[in-house]
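Peer 1: After the structure tokens below, expect a handful of questions from me.
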Amino acid sequence: MSQTTKTLHEQSNEIRQRLDEEICNISEPLWNYCRYLTGSPWDGEDLYQETILKVLGGLFTRWHPTNLKSYVFRIATNTWIDQCRKEKRTLGELHENNEAFEELSDNLELEEALVKLDVLFSPRQTAVFLLLEIFRFQADEVASIVKTTPGAVYASVRRMKYKLQTNRDHSIKPMLENSPQQSKTIQAYLKAFNHGDLKGVLSLISDQAHYEASLGFLEVNKEEIINGSLSYGLPGHHAIECELWGKHVIVVLAETDQGQLVHDIQYQEVENNKIVYHRSFFFRKEFIVAASKELGYKPQLNKPPLNWEEK
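Shown next, in the form of structure tokens:
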């Protein structure tokens, strides 16, 4: 690594840490916004990460930066709408004409509404509803974020509430099954991991594997993995395979005085009996906390070098 690259790397890490400190109070709402905007915790996590990276890379372009929360949510919204546009999804129009509606009567109905927003409504409508009703932005802020008028914001939400009241059923997508090849390799990985068999783990990893700890680090071949994240061996925790939000994952559990806590969540992609992609969510607090709740465990909040209990 050249001195210039090393300096840029260190400076970017410092900026990332400063950003984490600045948005610590909105990171959980932002993650939930991304989750419900996309209709999936997995897609929401991807959107969250892309949003943070875009904020890091684009904040310097703001001529007179004011409201950081509004700016971050704007980036998330625009990123999702751009993605939907590339997929040729209908983005939807926001009209100002008023129609009758009924208020959502309780928290249960609100929860039902959140999980089917992306099924019933266009991406722009979903963003408007979430920003106004859930995350309590002012109508003029919402209008600015989604590029419409305050009147269209209010009218759209009224129509959406009415439709939510009259569409109480929604389908759950079935979980995809692992292929026999994937299952065999993952079971071998679990066995090696739980026995502390580093050589066995490495034998399952492709020489060209991508090893990613989201918003933490990225290694792009086995040599980098050996000299990097696995240079000190395996962590000595116990791993199990679970279903999480319709996906097969590996949950790494740490034995503590508080019992078993979720240390990490991982998933792998397998081709030709080799792990070609490994993704870890070790550094992702909001994801780990939400996933732990879904799985029925508590998250490990203090795990060096991270201490989320202090925030």
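Using the working numbering, read the sequence shown as starting at 2 and increasing by one per residue. Even glycine gets a Cβ: it sits at the ideal position worked out from N, Cα and C.
#1: With C-beta atoms as the reference, is Ile251 less than 8 Å away from Leu205?
#2: Just to check, is the beta-carbon of Gly201 closer than 7 Å to a non-hydrogen atom of the ligand ZN?
#3: For Leu231, which residues from the same chain have a beta carbon less than 8 Å from its beta carbon, with the 5 sequence-adjacent residues on both sides left out?
#4: Could I get the ranges of all uninterrupted alpha helix (DSSP H) runs contained in the stretch 4-48, with 4 residues as the minimum, in chain order?
#5: Where does Phe194 sit, in a helix, a strand or coil, going by DSSP?
#6: Are Leu216 and Phe136 closer than 8 Å when you measure CB to CB?
#7: For the alpha helix (DSSP H) that Gly288 lies in, which residues bound it at each end?
#8: Does the distance from the CB of Trp81 to the CB of Leu48 come in under 8 Å?
#9: Using the rule of at least 16 other Cβ atoms within 10 Å of the residue's Cβ for burial, across every protein chain shown, is Lys7 buried or exposed?
#10: What is the DSSP secondary structure of Thr260, reduced to helix, strand or coil?
#11: Under DSSP, the beta strand (DSSP E) around Val277 begins and ends at which residues?
#12: Out of His10, Ser41 and Glu22, which has the shortest C-alpha to C-alpha gap to Val116?
#13: On the DSSP bridge list, what partners appear for Phe218?
#14: Pop quiz: Phe194 and Ala240 are said to be a contact at Cβ under 8 Å. What is the actual Cβ separation, rounded to whole angstroms?
#15: To the nearest angstrom, how far is it from the Cα of Gly237 to the Cα of Val56?
#16: From Glu15 to Glu29, what does the alpha carbon distance come to, in whole angstroms?
#17: Output the boundary residues of the alpha helix (DSSP H) element that contains Leu199.
#18: Taking the beta strand (DSSP E) that Glu142 falls in, what are its first and last residues?
#19: Where Ser281 and Leu131 are concerned, what is the direct C-alpha to C-alpha distance, given to the nearest angstrom?
Peer 2: Let's see:
#1: Along the sequence shown, one-based indexing puts residue 251 at 250. Along the sequence shown, one-based indexing puts residue 205 at 204. It is not a contact, given that the beta carbons lie outside the stated cut-off.
#2: Of ligands this structure carries none, so the ligand ZN is not represented either.
#3: Position 230 of the sequence shown, counting from 1, holds the residue named residue 231. Its chain contains Leu199, Val202 and Leu203 as the residues whose beta carbon lies nearer than 8 Å to that of Leu231, once the 5 sequence neighbours on both sides are disregarded; these appear in chain order.
#4: If we require 4 residues or more, the alpha helix (DSSP H) runs fully inside the stretch 4-48 come out as 4-23 and 28-39.
#5: Residue mapping note: residue 194 aligns to position 193 of the sequence shown, counting from 1. Reduced to three states, the DSSP call for Phe194 is helix.
#6: Position 215 of the sequence shown, counted from the start, is the residue given in the question as residue 216. Position 135 of the sequence shown, counted from the start, is the residue given in the question as residue 136. No, these two residues do not count as a Cβ contact at 8 Å.
#7: Counting from one through the sequence shown, the residue named residue 288 turns up at place 287. Note that residue 288 corresponds to Phe in the displayed sequence, not to Gly. Counting along the chain, the alpha helix (DSSP H) containing Phe288 begins and ends at Lys286 to Leu296.
#8: Start at 1 with the first residue of the sequence shown, and residue 81 comes out as number 80. Start at 1 with the first residue of the sequence shown, and residue 48 comes out as number 47. In contact: Trp81 and Leu48 (Cβ atoms closer than 8 Å).
#9: For this step, residue 7 is matched to residue 6 along the sequence shown. Classification for Lys7: exposed.
#10: Within the sequence shown, numbered from 1, the residue matching residue 260 stands at position 259. One point to set straight first is that residue 260 is Gly, not Thr, in the sequence displayed. Here Gly260 sits in strand by DSSP.
#11: Numbered from 1 along the sequence shown, position 276 holds the residue referred to as residue 277. Run containing Val277: Lys275 to Ser281, per the beta strand (DSSP E) assignment.
#12: By 1-based counting over the sequence shown, the position of residue 116 is 115. Closest option to Val116, Cα to Cα, is Ser41.
#13: Position 217 of the sequence shown, counting from 1, holds the residue named residue 218. Ala214.
#14: Within the sequence shown, residue 194 is the residue found at index 193, counting from 1. Within the sequence shown, residue 240 is the residue found at index 239, counting from 1. For Phe194 against Ala240, the beta-carbon gap comes to about 5 Å, under 8 Å, which counts as contact.
#15: Taking the sequence shown and counting its residues from 1, one reaches residue 237 at position 236. Taking the sequence shown and counting its residues from 1, one reaches residue 56 at position 55. Their Cα atoms are separated by approximately 36 Å.
#16: As a first step, residue 15 must be located in the sequence shown, where it is residue number 14. As a first step, residue 29 must be located in the sequence shown, where it is residue number 28. Roughly 21 Å separates the two Cα atoms.
#17: By 1-based counting over the sequence shown, the position of residue 199 is 198. Counting along the chain, the alpha helix (DSSP H) containing Leu199 begins and ends at Leu199 to Ser204.
#18: Counting from 1 along the sequence shown, the entry for residue 142 is found at position 141. If you look at Glu142, you'll find it isn't in any beta strand (DSSP E); it sits in the alpha helix (DSSP H) that goes Ala140 to Val147.
#19: Translated into positions along the sequence shown, residue 281 becomes position 280. Translated into positions along the sequence shown, residue 131 becomes position 130. A straight-line Cα-Cα distance of about 28 Å links Ser281 and Leu131.
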